[in-house]
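Protein chains in written order, with our numbering: chain A, 1 to 113; chain B, 114 to 231.
These notes concern the structure reproduced below.
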Amino acid sequence: GNSVTQMEGPVTLSEEAFLTINCTYTATGYPSLFWYVQYPGEGLQLLLKATKADDKGSNKGFEATYRKETTSFHLEKGSVQVSDSAVYFCALSGYTGGFKTIFGAGTRLFVKA
Amino acid sequence: GAGVSQSPSNKVTEKGKDVELRCDPISGHTALYWYRQRLGQGLEFLIYFQGNSAPDKSGLPSDRFSAERTGESVSTLTIQRTQQEDSAVYLCASSRISGGILSSYEQYFGPGTRLTVT
Chain A
1 GNSVTQMEGP
11 VTLSEEAFLT
21 INCTYTATGY
31 PSLFWYVQYP
41 GEGLQLLLKA
51 TKADDKGSNK
61 GFEATYRKET
71 TSFHLEKGSV
81 QVSDSAVYFC
91 ALSGYTGGFK
101 TIFGAGTRLF
111 VKA
Chain B
114 GAGVSQSPSN
124 KVTEKGKDVE
134 LRCDPISGHT
144 ALYWYRQRLG
154 QGLEFLIYFQ
164 GNSAPDKSGL
174 PSDRFSAERT
184 GESVSTLTIQ
194 RTQQEDSAVY
204 LCASSRISGG
214 ILSSYEQYFG
224 PGTRLTVT
């Protein structure tokens, strides 16, 4: 079945450092890929998405490219801010007789000033 | 427009009692999902509704858990004979399924109901 694996956290970085959070997936068919973010005390919200191979999703300085050959969707940001501290979830949606979304376990990011 | 709403926002109950959690999805969203998120952990899928199709109940952890949905609107998640391990935040999400199986269908989450079983 479909699955998502993302790097374990927590990840601790200094402000302005480069961020990579790895995400790999297994899926049949043509899934869409997502990154969701959960800021402290808030609900989950969509950060970015990509619907087909080689698509790049981007938002708020974050980027992720849908790599079918490596089945990956790594999240990157060139210069993190303290306000980026949150939990990041990689997710996959694909038709497998239904439209269930599979979430990764989440990666907690701490950014120090 | 209005987002996904959930009620109550917080619920404290005694072990053994039944609880009912409510979710109002975004109007026009045919798909509705329930998840459980224990403290510091990821999302655990519970159940999924899509239109008039039979719900996918594969994530419900025991027969104490059940959920209903009225048409394409309100859903209730019921936990009977609550146990302390049921303490968690219960999240509801909805999405609009369109464009067939190749469409993108991001989910919109409600704020969650924090359940504490004492």
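All residues carry an ideal CB built from backbone N, CA and C; glycine is no exception.
Everything numeric in this text was worked out from a predicted model, so none of it was measured.
For residue i: DSSP bridge partner residues
i: glutamine 45 of chain A; result: A:Val37
i: tyrosine 148 of chain B; result: B:Phe158, B:Leu204
i: glutamate 63 of chain A; result: A:Ser58, A:Glu76
i: glutamate 181 of chain B; result: B:Thr189
i: isoleucine 21 of chain A; result: A:Leu75
i: glutamine 93 of chain B; result: Since the first residue of chain B shown is 114 and the last is 231, residue 93 of chain B is not available in this structure.
i: aspartate 169 of chain B; result: B:Tyr161
i: glutamine 6 of chain A; result: A:Cys23
i: alanine 86 of chain A; result: A:Leu109
i: alanine 50 of chain A; result: A:Leu33
Neighbourhood of residue i by C-beta distance below 7 Å, restricted to the same chain and skipping five residues each side
i: leucine 215 of chain B; result: Low confidence applies to leucine 215 of chain B: its pLDDT is 45, below 50, so where it sits in the model is not reliable enough to give any reading.
i: glutamate 185 of chain B; result: Thr143, Gly164
i: valine 111 of chain A; result: Leu13, Glu15, Val80, Gln81, Val82, Asp84, Ser85
i: threonine 26 of chain A; result: Asn2, Ser3, Thr71
From the options, residue whose alpha carbon lies closest to that of residue i
i: glycine 141 of chain B; options: B:Gln154, B:Tyr221, B:Thr226; result: B:Tyr221
i: glycine 57 of chain A; options: A:Ser32, A:Glu69, A:Glu16; result: A:Ser32
i: leucine 152 of chain B; options: B:Ile210, B:Ser208, B:Asp137, B:Glu198; result: B:Glu198
i: threonine 101 of chain A; options: B:Ser122, B:Pro121, B:Phe158, B:Leu134; result: B:Phe158
i: glycine 133 of chain A; options: B:Gly225, B:Val230, B:Thr231; result: This structure leaves residue 133 of chain A out entirely; chain A is present only between 1 and 113.
i: threonine 107 of chain A; options: A:Tyr36, A:Gly29, A:Tyr30; result: A:Tyr36
Beta carbon proximity, residue i to chain C, threshold 8 Å
i: phenylalanine 73 of chain A; result: The question asks about chain C, but that chain is absent: this structure's protein chains are A and B.
Proximal residues to residue i (C-beta, below 6 Å), its chain only, five neighbours per side dropped
i: serine 175 of chain B; result: none
i: tyrosine 235 of chain B; result: An answer regarding residue 235 of chain B cannot be provided, because it is not within the stretch 114 to 231 covered by chain B.
i: phenylalanine 103 of chain A; result: Phe89, Ala91
i: valine 187 of chain B; result: Asp137
Proximity test, residue i beta-carbon vs the ligand ATP heavy atom, cut-off 7 Å
i: alanine 27 of chain A; result: As far as ligands go, the structure on display features none, and thus does not contain the ligand ATP.
8 Å CB neighbourhood of residue i in its chain, flanking five on each side removed
i: lysine 49 of chain A; result: Ser32, Leu33, Phe34, Trp35, Gly57
Residues in the region 159-179 of chain B with C-beta within 8 Å of chain A's C-beta atoms, listed in sequence order? Tyr161, Gln163, Ser166, Asp169
Under 9 Å (Cβ pairs) to chain B, residues found in the region 44-72 of chain A: Leu44, Gln45, Leu46, Lys49, Ala50, Thr51, Lys52
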